[in-house]
Amino acid sequence: MKKYGFKSREVKSIFTKRNNERKLFLEDFTINPYLGCSFNCSYCYINGSKYAGSTDSYYVKSNAIELTKSELKKLVKNNKKGFVCFGSATDPYQDIESELYLTRDLLKLVNRFHFPVHILTKSDLVLRDTDILKKINQPSTNLPDDLDLDTKVYVSFSFSTLDENQRKIFESSAPSIKRRLDAIKILKNNDFKVGVSFMPILPFIADSNNELNKTMAIFSDIGIDYIVPGSMSLFGNGLNDSRVKYFNLIKRYYPEHYEDTKDLFFNKKTSKYNNYPPTSYQNNLLRRISKIAEEYNIKTSMFS
Ligand code: SF4
Numbered sequence: 000m001k002k003y004g005f006k007s008r009e010v011k012s013i014f015t016k017r018n019n020e021r022k023l024f025l026e027d028f029t030i031n032p033y034l035g036c037s038f039n040c041s042y043c044y045i046n047g048s049k050y051a052g053s054t055d056s057y058y059v060k061s062n063a064i065e066l067t068k069s070e071l072k073k074l075v076k077n078n079k080k081g082f083v084c085f086g087s088a089t090d091p092y093q094d095i096e097s098e099l100y101l102t103r104d105l106l107k108l109v110n111r112f113h114f115p116v117h118i119l120t121k122s123d124l125v126l127r128d129t130d131i132l133k134k135i136n137q138p139s140t141n142l143p144d145d146l147d148l149d150t151k152v153y154v155s156f157s158f159s160t161l162d163e164n165q166r167k168i169f170e171s172s173a174p175s176i177k178r179r180l181d182a183i184k185i186l187k188n189n190d191f192k193v194g195v196s197f198m199p200i201l202p203f204i205a206d207s208n209n210e211l212n213k214t215m216a217i218f219s220d221i222g223i224d225y226i227v228p229g230s231m232s233l234f235g236n237g238l239n240d241s242r243v244k245y246f247n248l249i250k251r252y253y254p255e256h257y258e259d260t261k262d263l264f265f266n267k268k269t270s271k272y273n274n275y276p277p278t279s280y281q282n283n284l285l286r287r288i289s290k291i292a293e294e295y296n297i298k299t300s301m302f303s
């Protein structure tokens with residue numbers, strides 16, 4: 000019996016090719032099998048976006064398999080290599096995946112055409128597909144010529160906090176922190192590279208040196224291979240969007256940070272909210288994280 004309701008939609012394309020310099024997440028090509036996401040993170044760009052409307056509504060791309068097969072065939076024919084990244088826009092292991100196996104079927108295709116993968120997720124459901132990931136991580140998988148890497152499977156777990164109470168507030172339907180940390184440990188035993196996308200770091204809640212130290216100590220204990228840190232972004236136009244949702248939660252659960260949080264995004268020159276905090280805040284945060292991560296011997300890039 001079906002547990003999750005969903006709508007499906009035929010799309011024109013599923014496969015995005017990056018023509019420019021390789022980005023943060025080894026995303027030479029990206030595949031997102033779903034539109035929208037059931038994990039319902041308050042800060043998610045999907046809230047209020049034209050693509051899905053809200054994290055309460057999501058769609059399955061009904062022609063994902065045919066499109067991906069055709070794109071992968073073309074890449075092979077043109078001798079193109081590169082990492083296929085799952086999860087650049089929405090979570091490939093959101094709830095419906097446990098029923099549909101769509102990400103799993105796409106991974107099988109990626110394996111058939113010998114491409115390496117990077118999976119970004121908040122879900123331990125990725126463990127279900129360890130058998131396919133092991134096949135992808137075989138010598139037959141072609142790495143891009145410009146990369147000197149010793150593995151063909153990267154899995155990055157996404158966190159905005161390691162505090163379970165905070166997770167329940169800001170990522171109400173996402174898998175628990177414990178499930179994610181346990182999954183990292185299991186995947187690490189399979190010779191994959193396993194790291195953390197530590198973003199968005201919650202301003203005034205998870206971004207102090209003290210909190211960052213505690214976080215990095217936990218990541219270090221479980222032996223992650225890297226973190227990719229990033230500050231908060233809040234997109235919206237003032238309706239039911241990520242900025243409104245996030246500010247409302249701060250007001251309710253962290254009233255002492257409400258004004259500071261709003262100020263961080265408010266542009267006094269334009270009297271409007273920006274999508275990002277000031278560059279000075281972002282740079283300061285990244286500088287502090289890099290320093291603390293270095294102390295714990297954790298790389299802050301997937302490449303170096
Ligand atoms: S898991 Fe990612 S895509 Fe899904 S709601 Fe959260 S931030 Fe958005």
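Numbering-wise, numbering that gives the first Met the number 0 puts 282 at position 283 of the sequence shown, and it's gapless, one number per residue.
Note that CB positions come from ideal geometry on N, CA and C, so glycine has one too.
It should be emphasised that the depicted structure is a prediction, and the values quoted were computed from it without experimental measurement.
- request: Return yes when at least one heavy atom of the ligand SF4 lies under 8 Å from the C-beta of Q137, else no.
  value: no
message: On the CB-based measure, 16 or more other CB atoms within 10 Å of its CB, does K60 come out buried or exposed?
response: It counts as buried.
message: Which same chain residues end up closer than 6 Å to D190 when comparing Cβ atoms and leaving out the 5 residues on each side of it in sequence?
response: none
task: Mind the definition here: the region 73–89 touches the region 117–129 only if three or more C-beta pairs lie below 8 Å; say whether that holds.
output: yes
- prompt: For the 8 Å Cβ check, are there 3 or more pairs between the region 129–139 and the region 209–217?
  reply: no
- request: Report whether the distance from the Cβ of Q93 to the nearest heavy atom of the ligand SF4 is below 8 Å.
  value: yes
- request: Would you kindly work out how many angstroms separate the C-alpha atoms of L146 and D27, rounded to a whole number?
  value: 12 Å
query: What does Y272 pair with, by DSSP beta-bridge criteria?
result: Partner residues in the beta bridge of Y272, as assigned by DSSP, are F265.
Beta-ladder partner(s) of P228, from DSSP: F197
- prompt: What does a CB cutoff of less than 7 Å around K68 pick up in its chain, not counting 5 residues either side in sequence?
  reply: L108
field: Beta carbon of I226 nearer than 9 Å to that of T299
entry: At a Cβ-Cβ threshold of 9 Å, I226 and T299 count as neighbours.
Alpha-carbon spacing of N296 relative to S270, whole angstroms: 42 Å
message: Along the chain, where does the alpha helix (DSSP H) containing Y44 start, and where does it finish?
response: Where Y44 is concerned, there is no enclosing alpha helix (DSSP H), given that its DSSP letter is neither H nor E.
query: Can we count N274 as close to the ligand SF4, meaning its CB is less than 8 Å from some heavy atom?
result: no
- prompt: Counting pairs of Cβ atoms below 8 Å between the region 36–47 and the region 232–245, do you hit three or more?
  reply: yes
Member of L23, K22 and Y57 whose CA lies at the smallest distance from the CA of S37: Y57
L124 versus N141, T102 and R111, residue with shortest Cα-Cα distance: T102
task: Just grab the DSSP bridge partners of C84 for me.
output: T29 and H117
field: Test item: CB-CB of V193 and K187 under 9 Å
entry: yes
field: Close beta carbons around K6, own chain, < 6 Å, minus the five adjacent residues each side
entry: Y58
- request: Ignore the nearest five residues each way along the sequence and tell me which others in L106's own chain have a CB closer than 8 Å to its CB.
  value: F85, V116, D128, I131, L132 and I135
- prompt: How is S279 classed by DSSP in three states: helix, strand or coil?
  reply: helix
field: Distance cut-off 8 Å: T244 Cβ against heavy atoms of the ligand SF4
entry: Residue identity differs from the one stated: residue 244 is Lys in this sequence, not Thr. False, no ligand heavy atom lies under 8 Å from that Cβ.
task: Assuming N239 and N46 form a contact by the criterion Cβ under 8 Å, report the distance between their Cβ atoms to the nearest whole angstrom.
output: 7 Å
- request: Would you mind sorting Q93 into buried or exposed? The rule is 16 or more other CB atoms within 10 Å of its CB.
  value: buried
- request: Spatial neighbours of I13 within its chain, please: CB distance less than 8 Å, with the 5 preceding and 5 following residues excluded, ordered by chain position.
  value: Here I13 has I30, N31, P32, K60, N62, A63, L66, T67 and E70 as same chain residues with Cβ atoms under 8 Å from its own Cβ, once five neighbours each way along the sequence are excluded.
- request: Indicate, with yes or no, if the ligand SF4 has a heavy atom lying under 8 Å from the CB of T15.
  value: no
- request: For M0, collect the residues of the same chain with a Cβ closer than 6 Å to its Cβ; drop the 5 residues on either side in sequence, then sort them by chain order.
  value: In this prediction, M0 has a pLDDT of 42, which is less than 50 and means its spatial position is unreliable; what the coordinates show is noted afterwards. Answer for M0: no residue qualifies.
task: Would you list the one or two residues that DSSP bridges to L34?
output: DSSP lists Y58 as the bridge partner or partners of L34.
- request: Report, in whole angstroms, the separation of the C-beta atoms of I183 and I221, which I expect to be a contact under 8 Å.
  value: 5 Å
message: Is the separation between the beta-carbon of S122 and that of P199 shorter than 9 Å?
response: no
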